[in-house]
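**Q**
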């Protein structure tokens, strides 16, 4: 099972958008225009292919992006330095193969190299217990919470500090 990790680009929109949008409400829906804007400002955007088939993707932001996410803004208003994992999506056929873990390892190296925290959020409502367990195993701890989408979602804001390596 050869895995190739490479940059995520607009050429991936045909497989990435359906994969991303199938994961709503755990991530927000995207269209081509929004994806193009995200990729233009992302500090890291990666795709994983398994045996030549698109399998997973990651999008990460650093401070200073104009990204309108309420969760990204929450970190921006409170912290000067951070690496924010906006989304990781994995095709169900490729789950459990360590692709998300590999992406998190890459984002962690980026954050540790800058001596800043790695952060993200997980839905508390609607619940996403599998994601919460993944993040707890990876060393993330709650640093806050908020409601988004007019109260339709409640998220736990998480961070992993550099010294917790």
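Residue numbers (the working numbering): 22 to 186. Idealized CB from N, CA, C, for every residue including glycine.
1) Which residue marks the beginning of the alpha helix (DSSP H) containing residue 136, and which one marks its end?
2) Which residue wins for smallest C-alpha separation from residue 174, given the options 62, 46, 25 and 24?
3) Please identify the residue among 69, 59, 67 and 105 whose C-alpha is closest to the C-alpha of residue 135.
4) Pull up the distance between the alpha-carbon of residue 61 and that of residue 148, whole angstroms please.
5) Kindly list the residues whose CB is nearer than 8 Å to the CB of residue 87, restricted to its own chain and excluding five residues on each side of it in sequence; keep chain order.
6) Could you tell me the alpha carbon to alpha carbon distance between residue 40 and residue 75, rounded to whole angstroms?
7) Going by other Cβ atoms of all chains shown within 10 Å of its Cβ, with 16 needed for buried, is residue 138 buried or exposed?
8) Once the 5 residues before and after residue 165 are set aside, which same chain residues still bring their CB inside 6 Å of it?
9) Name the residue from 171, 67 and 140 whose alpha carbon lies nearest to the alpha carbon of residue 32.
10) DSSP three-state call for residue 125: helix, strand or coil?
11) Looking only at its chain, what residues have a beta carbon closer than 8 Å to the beta carbon of residue 28, apart from the 5 residues adjacent to it on each side?
12) How many Å lie between residue 160 and residue 181 at the Cα?
13) Go ahead and pull the three-state DSSP assignment for residue 179.
14) Taking the beta strand (DSSP E) that residue 75 belongs to, which residues open and close that run?
15) Identify the residues that DSSP records as bridge partners of residue 163: which are they?
16) Tell me where the beta strand (DSSP E) around residue 67 begins and ends.
17) May I ask which residues mark the beginning and end of the alpha helix (DSSP H) holding residue 154?
18) For residue 152 and residue 122, I'd like the C-alpha separation in whole angstroms.
**A** Based on what the coordinates show:
1) Residue 136 sits at position 115 when you count from the first residue of the chain shown. Segment: none, residue 136 is in no alpha helix (DSSP H) and carries neither H nor E.
2) As a working mapping, residue 174 is identified with position 153 in the chain shown. Distance from the Cα of residue 174 is smallest, within the candidate group 62, 46, 25 and 24, for 46.
3) Here residue 135 corresponds to residue number 114 of the chain shown, with the count starting at 1. Ranking 69, 59, 67 and 105 by Cα distance to residue 135 puts 105 first.
4) Mapped onto the chain shown, residue 61 falls at position 40. Mapped onto the chain shown, residue 148 falls at position 127. Answer to the nearest angstrom: the Cα atoms are 31 Å apart.
5) Position 66 of the chain shown, counted from the first residue, corresponds to residue 87. Cβ within range, chain order: 62.
6) Here residue 40 corresponds to residue number 19 of the chain shown, with the count starting at 1. Here residue 75 corresponds to residue number 54 of the chain shown, with the count starting at 1. Their Cα atoms are separated by approximately 10 Å.
7) As a position in the chain shown, residue 138 is number 117, starting the count at 1. It counts as buried.
8) Here residue 165 refers to the residue found at position 144 of the chain shown. Within the same chain, residue 165 has close Cβ partners 178.
9) Position 11 of the chain shown, counted from the start, is the residue given in the question as residue 32. Closest option to residue 32, Cα to Cα, is 67.
10) Residue 125 sits at position 104 when you count from the first residue of the chain shown. Helix at residue 125.
11) Position 7 of the chain shown, counted from the first residue, corresponds to residue 28. Beyond the five residues adjoining it in sequence on each side, residue 28 comes within less than 8 Å, by CB distance, of 66, 67 and 68 in the same chain, given in chain order.
12) The residue you call residue 160 lines up with position 139 of the chain shown. The residue you call residue 181 lines up with position 160 of the chain shown. Answer to the nearest angstrom: the Cα atoms are 6 Å apart.
13) The sequence position of residue 179 within the chain shown is 158, counting from 1. The three-state secondary structure of residue 179, taken from DSSP, is strand.
14) Numbered from 1 along the chain shown, position 54 holds the residue referred to as residue 75. Run containing residue 75: 74-82, per the beta strand (DSSP E) assignment.
15) Within the chain shown, residue 163 is the residue found at index 142, counting from 1. Answer is 179, bridged to residue 163.
16) As a position in the chain shown, residue 67 is number 46, starting the count at 1. That run of the beta strand (DSSP E) goes 65-71.
17) Here residue 154 is taken as the residue at index 133 of the chain shown, counted from 1. It spans 150-158 - the alpha helix (DSSP H) in which residue 154 sits, taken as one unbroken run.
18) To locate residue 152, count along the chain shown from 1; it is residue 131. To locate residue 122, count along the chain shown from 1; it is residue 101. Distance between the alpha carbons of residue 152 and residue 122 is about 12 Å.
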